[in-house]
Structures are given as structure tokens and as C-alpha cells.
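Residue numbering for the sequence shown is 99 to 407, as defined by the working numbering. Don't be surprised by glycine CBs; every beta carbon is placed ideally from N, CA and C.
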Amino acid sequence: MARGRALRLGPLTPSLGSYPAFSAPGPSLSPALGVSAVPLSAPWSAWAAPAPLPEARSAALPAAAGLEAAVESVAAAPEKGGLDARASLDRLFTGDPGKAGADVGSPEPSLPPDYLPVPVTTQETSYSCGAAAVLSLLRYWRSYAGDEASLYPLLGTRPQDGTPPENMVMGLGHFGLDAAMQEGMSLADLRSSLRAGKTVILAMQAWRDAPGGSWADTWDAGHYVVLNGMDERYAYFMDPSTEERYAYVPLDELLERWHDYEDRDGQVRRYLRLGIVVSGRSALPRPEEPPADPDRMELRRPVGPWSRH
């Protein structure tokens, strides 16, 4: 189920040490499947983790003090005495190298003013998009300061089939968040959740290997993403497979891709328009500096070889 895209791994930069306050990079925008970039001038606000962090099973979820995995690439800003970064916006990968950016005749995507600043959290393995999505929301709702791998035992994340959605609901609840899995959701349901300040994890098709064909007929490219904004034409996501930026996809295309299946030890189940709706008591603040104007957007394609597990 939603194993996700294989990632290029490297050392964490920089080491953030203890977590009392850090300036994370501004939200990034890129595709859970794709690529077209839009620079956004939006550094993150300082963030203080709540104390104490919820106690987890000692062997499975150590209460780590560091937030080294909070951001994969953060630019040092000595003159500010802290960390800074810039964000960009990309389109979810379509599987067709010639198709990037907005459709002809459509306006370019622009992160809406009321977006939710979910931290960009890059998955550590090819199969852990579910764990990374959970971790991003634990950070957004200020509920956990550990790393992705520490969540695997609790979530049941495995190389052969990723993370079951039921386990994600349980894991989020373990840290005191309200989480509910819903099937058959609509775009109106997603808008309603966002208006209420709730975050939603979607199980959809992304990062498929073969170009072309119908997304409605694609079932082998499952991926978890976190919805953090919508406008009249696009949905915007935190995509665990996209580094340093958020992602977007046209709404009509989202409806074609919004399905997945799970094969857990021979037990197969299909999910249609599955969402995990999550809320908590204390969310990260939105950065004071707004995203760049649409005319400052710069589209580009992904760089480097990618492969699925």
C-alpha cells in the first residue's frame, strides 16, 4: 500500500541538535509525482516543541530530543543567527517527461494564502511515504520530536507493503491527535476539512514508472501525500518524495488518481478516495512572509534518476 518513491539519501544538513526553537525551511512546493517549480519567499517561523513530549513505547518510539530529520536541506544564514530557506512549487509527476507545469490555457498554480504550513518531510526509504506523512503531521501539530525510523514499529511500516492506513490512524492517536479514516471523500469534503484547520493524508497514485495511460486504470503507483491547500483549479500537498518544496495537481486529475489498494499478507483491499483527517490542539504558525507572486514562478523538471522500490 502506497510504498512511495525511492529517494536519494544523504547526510542531514545541518544537525539541529536539541529542539527548543528552530527555523525550519519555508514550505516547499513540488509534486508528489512530478515537477514544475515555483519559488516562494516564505521562511518558517521559529517553532518550540511542547514539553513534555508524549511518552511512547520505549523500544519502539524513543523520545528523541533532536529534530535532525525535520528538514533535509536548510540553508545557513549566519547574519540572522539562525536557519533560513526558500520554497518552491511543483506539479505532481505525470509520468510523461514532456508534461510539466500547468495545462495550456490554465493559470499557473500559486499557493493559496490560507494554506497550512505542514513541514516538508522527505521519506527516508522507498517504502516509507506513510511514515513520513505521519511524521510531518506530528511535527505540524507539535506532538513528537523523533525521527521517521522510530515510528516504523508502531506503524507497521515494512519494505514489502509500506504502511497500512489503519495503523497510521492508530499511530497519530497514540500521540494525542484526533485522526479518522474516511473513504469516498469528495473535493467538498477536503475543502471543508481545510476550512476547519484540519490536515488530510490522501492515498493516491503517483510516481508511476510508465508514461501515458489513464490514471484511473493505474493501481501500482500508490503514494501518501498530505493536503495543505486548495484553490479553484489545484490541490497542494506536502509530498514525502519531493524535497524542499510542496506539490500541486489539477483537481480533475486528482479525482482520477485518488485511489489505491493494500495487499497485506495476501489480504487485498481497494481504497477509493481515502483520506485520513487529522487535527490537534496546537499547530505550527503560518510564516509571516507570504509566498512569491505568481509571475515570479519558475517551472522546471526534476533532476536526477528516480526509481521505485
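query: Residue of Arg379, Glu354, Tyr344 minimising C-alpha distance to Leu209; result: Tyr344
query: Spatial neighbours of Glu222 in its chain, beta-carbon cut-off 6 Å, leaving aside the 5 residues before and after; result: Glu246
query: Buried or exposed (CB count within 10 angstroms, at least 16 for buried), Gln303; result: buried
query: CB contact flag (Val376, Ser234, <8 Å); result: no
query: Per DSSP, the bridge partner or partners of Pro348; result: Tyr332
query: Outcome for Gly373 when other beta-carbon atoms lying within 10 angstroms are tallied against a minimum of 16; result: buried
query: Proximity below 8 Å, CB of Thr220 to CB of Pro338; result: yes
query: Start and end residues, alpha helix (DSSP H) containing Met421; result: With the chain running from 99 to 407 in the structure shown, residue 421 is simply not present.
query: Assigned secondary structure, Leu233 (DSSP; H/G/I helix, E/B strand, else coil); result: helix
query: Where Ala301 falls: helix, strand or coil (DSSP); result: strand
query: Minimum C-alpha distance to Trp239 - residue among Met279, Ser224, Gly274, Ala278; result: Gly274
query: Where the beta strand (DSSP E) through Glu264 begins and ends; result: Here Glu264 belongs to no beta strand (DSSP E); instead the alpha helix (DSSP H) covers 263–272.
query: Beta carbon of Met283 nearer than 8 Å to that of Arg368; result: no
query: Residues near Tyr250 in its chain [Cβ-Cβ closer than 7 Å; skip 5 each side]; result: Ala229
query: Beta-carbon proximity of Asp259 to Arg355, cut-off 8 Å; result: no
query: Cβ neighbours of Gly295 in the same chain (closer than 6 Å, five flanking residues each side left out); result: none
query: Other residues of its chain near Met253: CB distance less than 7 Å, five sequence neighbours each side excluded; result: Looking at the sequence provided, one finds Leu at residue 253 rather than Met. Closer than 7 Å at Cβ, skipping near neighbours: Gly228, Ala229, Val232, Thr261, Asn265, Met266, Gly269.
query: Cα-Cα separation, Tyr213 to Arg256; result: 32 Å
query: Ala319 vs Arg306 beta-carbon contact at 8 Å; result: yes
query: Arg289 versus Met336 - alpha carbon distance; result: 16 Å
query: Cross-strand partners of Gln365 (DSSP beta bridge); result: Arg362
query: Below-8 Å beta-carbon distance, Gly320 vs any chain D residue; result: Protein chain content of the structure displayed is limited to a single chain, and chain D is not contained in it.
query: Top-ranked residue by Cα proximity to Ala243, from Tyr225, Arg331, Pro263, Pro217; result: Pro217
query: Residues near Gly271 in its chain [Cβ-Cβ closer than 8 Å; skip 5 each side]; result: Ala277
query: Bounding residues of the alpha helix (DSSP H) (the contiguous stretch that carries Leu252); result: 250–253
query: Coarse secondary structure for Gly320, derived from DSSP in three states; result: strand
query: Assigned exposure category for Ala286 - 16 Cβ within 10 Å defines buried; result: exposed
query: Cβ neighbour criterion (16 or more within 10 Å) applied to Val366; result: exposed
query: Where Leu114 falls, given that 16 or more other Cβ within 10 Å makes a residue buried; result: Interpretation of Leu114 is limited by its pLDDT of 27, a score under 50 that renders its predicted location unreliable; the figure taken from the coordinates is listed afterwards. With 16 or more Cβ atoms within 10 Å of its Cβ, Leu114 is classed as buried.
query: Residues near Tyr332 by beta carbon distance below 8 Å, same chain, minus five either side; result: Pro207, Tyr346, Val347, Pro348, Leu349
query: Span separating the alpha-carbon of Ser380 from that of Glu386; result: 17 Å
query: C-alpha distance - Glu351 paired with Ile299, whole-angstrom precision; result: 17 Å
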